[in-house]
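Below you'll find the structure, written out as structure tokens, and then a few comments.
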Amino acid sequence: MSKSRVPYKDGLDSVTRKRYEEKLSLINGLDPYEEKEGWSDKEDIFPPITHPDIFFYLIHTPSVYTQEDLKAWKSLEAINQVCQGWVREKKALVKGESHVVVTAKVGLFL
0 MSKSRVPYKD GLDSVTRKRY EEKLSLINGL DPYEEKEGWS DKEDIFPPIT
50 HPDIFFYLIH TPSVYTQEDL KAWKSLEAIN QVCQGWVREK KALVKGESHV
100 VVTAKVGLFL
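Sequence positions in the sequence shown follow numbering that gives the first Met the number 0 and run 0 to 109.
Okay, structure coming up:
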């Protein structure tokens, strides 16, 4: 008996799902959890990212974090995971001429 997979967004509470769908609208509704083909780990397809890009993304996209949370960025769990080497297996998916979706696995190397 195979277990059917529930789409990621269907497992979210209503507030989180609304925020997730707002983010998906920025990339024409593309849900990275539903895309199975086309992912690559080749560094040359990753977009160049600058400090202003990160600032714009953090401040101007839907998020659970407030501007006060972001000002205390050293206390955020995500920055600690990056600095401690927990972010691995980066992959990117090119969609159209203006969208590159980047994903990674986060966890302790064992």
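Beta carbons are placed, not taken as given, at the ideal position from N, Cα and C, and that holds for glycine. A quick note: this is a predicted structure, and the numbers were derived from the prediction, not measured.
Beta-carbon gap between residue i and residue j smaller than 8 Å
| i | j | result |
| --- | --- | --- |
| VAL99 | VAL93 | yes |
| THR60 | LEU25 | yes |
| LEU23 | ASP30 | yes |
Rounded straight-line distance, which links the Cα of residue j to that of residue i
| i | j | result |
| --- | --- | --- |
| GLU34 | PRO6 | 11 Å |
| THR15 | TYR32 | 15 Å |
| ARG18 | VAL101 | 18 Å |
| GLY28 | GLU21 | 9 Å |
| GLY95 | PRO47 | 17 Å |
| VAL44 | GLU67 | Just to set this straight, residue 44 is Ile in the shown sequence, not Val. Their backbone Cα atoms lie some 33 Å apart in a straight line. |
| GLY10 | HIS50 | 33 Å |
| VAL110 | ALA103 | Any question about residue 110 goes unanswered here, given that the chain covers just 0 to 109. |
| LEU57 | GLY84 | 21 Å |
Option in the options with minimal Cα separation from residue i
| i | options | result |
| --- | --- | --- |
| LYS89 | ASP40, LYS8 and GLU96 | ASP40 |
Residue i - partner residues in DSSP beta bridges
| i | result |
| --- | --- |
| LYS17 | In the DSSP output, where bridge partners are listed per residue, LYS17 has none listed. |
| ALA103 | DSSP lists no partner for ALA103. |
| VAL93 | VAL99 |
| SER39 | ALA91 |
| VAL86 | VAL105 |
Three-state class that DSSP yields for residue i in the structure shown
| i | result |
| --- | --- |
| LEU23 | helix |
| SER1 | Any reading at SER1 needs caution, since the residue's pLDDT is 48, under 50, leaving its predicted position unreliable; the model's value is listed next. Correct three-state label for SER1: coil. |
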